[in-house]
Structures are given as C-alpha cells and as structure tokens.
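Engineer: Quick one: structure below, then a few questions.
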Amino acid sequence: MSDVEDLTAEEVAEEGDDGPLEAQLEDVDTELREGPCTESVSRFGRLTSGPEESIWTFLCEAQLVGFEQARKQFLEVGRDSRPVMRAAYECFRTGATPDTIMAQVADNGGHDTFYGLLYVGLWEEAHGDAAAARKAITSAVQTQYAQRSGDYMASLARVHCLRRGWPTEA
Numbered sequence: 010m011s012d013v014e015d016l017t018a019e020e021v022a023e024e025g026d027d028g029p030l031e032a033q034l035e036d037v038d039t040e041l042r043e044g045p046c047t048e049s050v051s052r053f054g055r056l057t058s059g060p061e062e063s064i065w066t067f068l069c070e071a072q073l074v075g076f077e078q079a080r081k082q083f084l085e086v087g088r089d090s091r092p093v094m095r096a097a098y099e100c101f102r103t104g105a106t107p108d109t110i111m112a113q114v115a116d117n118g119g120h121d122t123f124y125g126l127l128y129v130g131l132w133e134e135a136h137g138d139a140a141a142a143r144k145a146i147t148s149a150v151q152t153q154y155a156q157r158s159g160d161y162m163a164s165l166a167r168v169h170c171l172r173r174g175w176p177t178e179a
C-alpha cells in the first residue's frame, strides 16, 4: 500500500474503503482508546493553557473514558482574567452545578452572557439534560453578542444548534 501523499486521485479511488485513509483513521482510533490526550498543544508546538481547551478536552475525553476518569486528568490552567470562564472551568473541573457560571455574568447580552449560557448548555448536554442544554445554548446564540460579534464561538454555537434542529433566532 502506498503513502497517502504519493497517491493520485485515481489511485485513492482504487484504494477503496480499505485504503490508506481508513488505515490512518484506525490508527487515530487506536491512539484515542489507548491514551487520551492530556496536553493541549498549539499549532506552534507550545502548551496552551486556557479554560476553553481544558473544558473541550474534558468533554471529549468524558465520552471516551467517563466523567470520573476525565476529571482525574483534567488539564490544569492558570488563572483566567474572565470571571465567567473561571467559573465555567471550575464547574467542569469539579462537577459543581452550572448555576455558578451564570452568577459571574456581569453584562446584559454581551460576551459574559453568551459564554455563560454556552458553557451552561454544554454542561447540561454532557450530563444528559437535552432540554436544559437547548434552552441555554439557543439563548446564547440569540444574545446581541452572538448576533453581532463575529466571534468564532458564536458561529460554533449556531452550528451546534443547527445540527440538533434547535432554533437560532427568537
């Protein structure tokens, strides 16, 4: 079998379902099963230490190894300057209820409101409460911040809603 980089489009088509791409995917699956990633590495090769990376890593790993194990290997980060993200980080790290996240929201429809609602929704979804997740995440995408900021995470939240058939507008 050839290396993927050396194949022409025709050769890729000939490789079929058992071709090099399938083999690479199997390798990735094996790697994930045998040792979930416990370090977040930026595209520059340095460790990144943000609450978002820790939370998203936790959410992915919890699906693979369960909440208890994912919490044991939760990525530690330094103090974030945003109170709402510090609260979200602690909530996911400790398993505390997400009401602590919204308690840190200091604006009305802005950045804090959007991020607070998004992470409350993600927490609820991870814990199996689809109705609460829908309410929080659809509220997040309907904030002024999500509608006007151009923030990548606002786009991500909209796609999250669309993939689930949830409304993105009031």
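All the letters of the sequence shown, read from the start, carry residue numbers 10 to 179 under this note's numbering. C-beta atoms are modelled at their ideal positions from N, C-alpha and C, and glycine is treated no differently.
1) Provide the residue span of the alpha helix (DSSP H) that contains Glu77, from first to last.
2) Just to confirm my understanding: we take Gly118, look at its own chain, exclude 5 residues before and 5 after, and list those with CB closer than 7 angstroms. What are they?
3) Quick check: the Cα distance between Glu62 and Arg167, rounded to an integer number of angstroms?
4) Quick check: the Cα distance between Ala112 and Phe83, rounded to an integer number of angstroms?
5) Count Cβ pairs between the segment 71 to 90 and the segment 119 to 127 that sit closer than 8 angstroms; are there 3 or more?
6) Since I believe Ala149 is in contact with Leu126 (beta carbons under 8 angstroms), could you give me their beta-carbon distance rounded to a whole number of angstroms?
7) How many Å lie between Met94 and Tyr124 at the Cα?
8) Report the residue from Asp108, Trp65, Gly59 whose alpha carbon sits nearest the alpha carbon of Ala135.
9) Can you give me the Cβ contacts of Arg102 inside the same chain, cut-off strictly under 6 angstroms, excluding the 5 residues immediately before and after it?
Structural biologist: The relevant details are as follows:
1) 76 to 81
2) Thr152, Gln153, Tyr154
3) 19 angstroms
4) 23 angstroms
5) no
6) 4 angstroms
7) Spanning the two alpha carbons is a distance of roughly 8 angstroms.
8) Selected option, being the one with the closest Cα: Trp65.
9) Phe83
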